[in-house]
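**Student:**
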Amino acid sequence: MRIVCGIGDAWCDTTEQQHKPCPVYLGPELDGAASDLATQGYTVLRELPHDGNFGCGALVGRHESDLKRVAIRLIQRGGNKSSDATAHSSGEIYKPSGSFKSCFLADNIELLQSLRHENLIKMHEFFVTRGHLAVVAEYCENGDLAHLVAHRKAGFLIEPVSRRYFKQIFQAMEYLHHNNIAHRDVKCSKFVVSRNNVLKLCDLGTAVLYKDGDPLLTDTKCGSPGYRAPELLSNFPYDPRRVDMWAMGVLLYYMATGLIPYHGQPNIPVKLSFPNGDVLNLSRELKQLLQGLLTHNSELRFTLNRVRNSPWLCKADDGVYIGNFFRVRQPEKVRTSAKETKLKRELHI
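Numbering (my numbering), first residue to last: 23 to 371.
So this is what it looks like as structure tokens:
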């Protein structure tokens, strides 16, 4: 709805005057699922770019109850499709079996719904459609962290902005680790940006339950190119939480420089190098934090506690940061004294 006032025009969302969206054709594979979503009260608005995770498609939709936009991920299923059709013909919606749960979190998809944190995507519900498992979650319209960095004119984020976003990444990972969950595939595309410029971790696809005292893991088929820790590349047994710390270091390096430190290198050098040039001019505190996170020896790698108390992350930023722009706070006006006021009156100032 358009609002006209003396200082210009404005636009706002209104549920009363929103028109019914036009039907969206999603192709033969997803159109059947879209019709099933409609029976659950969801209208598909558009399709999001395919990310390749678990062979799934991503849609933007809204529910008829409140018209709020949601993200709907459709994960391809195996199994008996005829039984799916029977269930849907009777209008039955059922919870997925263990084979579906393994796509998400150690055979326990219900745990996703129990997670509540500002920097984690909120999952609303999940149900089975024809050939897909539909996961309905909070929708963030500003793209992911990779998009945020890539569309900066400089190609990277200044340190105060990197610090603000990295604090949110840290808070999300700290919450997971304190709940004995290790992610194992931390990367830029896993963090999406909300309307309020808040980062939210949106995918726990390869996460595992892991706590102190558990044996080291041997399944190294996790992580993404450029973000995989040395122990994964070497097929050594590993602590998945320390793998997460390495990937967090890669994320921070990418935000601050616009580069992935070891992308395309079969062997990771022991010593971390930084880009040359006066444009970046990384602070000593940031370099120390990056070197601690990107340490070859996982036993010496920075833990969450070391990161939390690092000088770079603890640094307070006095300015106001909007996106990647910096605005200096205006100094408070000093109250005029009675003597100064009297003198100004006498001099007609």
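Where is the CB? At the ideal position from N, CA and C, for every residue including glycine.
Using beta-carbon positions only, say whether V92 and A159 come within less than 8 Å of one another.
**Tutor:** Yes, they are a contact pair.
**Student:** Under the rule that 16 or more other beta-carbon atoms within 10 Å means buried, what is A169, buried or exposed?
**Tutor:** Just to set this straight, residue 169 is His in the shown sequence, not Ala. Looking at its Cβ environment, which holds fewer than 16 other Cβ atoms inside 10 Å, H169 is exposed.
**Student:** Looking at the strands, I want to know which residues DSSP matches up with V214.
**Tutor:** The partner list for V214 (beta bridge, DSSP) reads D166, K222.
**Student:** Assign I94 to one of three DSSP states: helix, strand, or coil.
**Tutor:** It is a strand residue.
**Student:** What residue from G227, L302, K90, R84 has the CA that sits closest to S246's CA?
**Tutor:** Minimum Cα distance to S246 is reached at G227.
**Student:** Do you know offhand how far H173's Cα is from C224's?
**Tutor:** Distance between the alpha carbons of H173 and C224 is about 21 Å.
**Student:** Looking at the structure shown, is V292 part of a helix, part of a strand, or coil, going by DSSP?
**Tutor:** Residue state, collapsed to three classes: coil.
**Student:** CB-CB under 6 Å to R138, same chain, minus the five flanking residues each way: which ones, in chain order?
**Tutor:** Answer for R138: no residue qualifies.
**Student:** So does the stretch 177-184 actually touch the stretch 237-254, counting three or more Cβ pairs closer than 8 Å?
**Tutor:** No: fewer than three Cβ pairs fall under 8 Å.
**Student:** If you measure between the beta carbons of L167 and C210, is that distance less than 8 Å?
**Tutor:** Result yes, Cβ atoms of L167 and C210 sit closer than 8 Å.
**Student:** Give the DSSP-derived three-state secondary structure of Y197 in the structure shown.
**Tutor:** Helix, per DSSP.
**Student:** Considering only C-alpha positions, which residue in the set K293, R95, H154 is nearest to M145?
**Tutor:** Taking only the C-alpha atoms, the option nearest M145 is R95.
**Student:** Across which residues does DSSP place E181 in a beta bridge pair?
**Tutor:** In the DSSP output, where bridge partners are listed per residue, E181 has none listed.
**Student:** Per DSSP, which residues does V230 bridge with? Please list them.
**Tutor:** Answer by DSSP bridge pairing, in chain order: A204.
**Student:** In the structure shown, what three-state DSSP assignment does L127 receive?
**Tutor:** Note that L127 has pLDDT 38, beneath the 50 cutoff, so the model's placement of it is unreliable and the number below is only indicative. In this structure, L127 counts as strand in the three-state DSSP scheme.
**Student:** For N164 and V214, I'd like the C-alpha separation in whole angstroms.
**Tutor:** For N164 and V214, the distance between alpha carbons rounds to 7 Å.
**Student:** On a CA-only basis, which of L70, V66, I97 is nearest G83? Give me that one, please.
**Tutor:** It is V66.
**Student:** If I measure Cβ to Cβ from I290 and keep anything under 6 Å in the same chain, skipping five residues before and after, which residues do I get?
**Tutor:** Result list for I290: P252, Y284, in chain order.
**Student:** Name the residue from N202, G280, F192 whose alpha carbon lies nearest to the alpha carbon of V220.
**Tutor:** When only C-alpha atoms are compared, the closest one is F192.
**Student:** Given that a residue counts as buried once 16 or more other Cβ atoms are within 10 Å of its Cβ, and exposed if not, what is S295?
**Tutor:** It counts as exposed.
**Student:** Which residue from C244, A360, A56, Y187 puts its Cα closest to that of L155?
**Tutor:** Of C244, A360, A56, Y187, the residue nearest in Cα terms is A56.
**Student:** Please state if the CB of K175 and the CB of N202 are separated by a distance shorter than 8 Å.
**Tutor:** Result no, Cβ atoms of N202 and K175 do not sit closer than 8 Å.
**Student:** Would L89 pass as a contact of H199 if the rule is Cβ separation under 8 Å?
**Tutor:** In this structure, H199 does not lie closer than 8 Å to L89 by Cβ.
**Student:** Distance check for F148 and S332, CA to CA, integer angstroms please.
**Tutor:** When rounded, the distance between both Cα atoms is 39 Å.
**Student:** Between which two residues does the alpha helix (DSSP H) containing E253 stretch?
**Tutor:** Run containing E253: 252-255, per the alpha helix (DSSP H) assignment.
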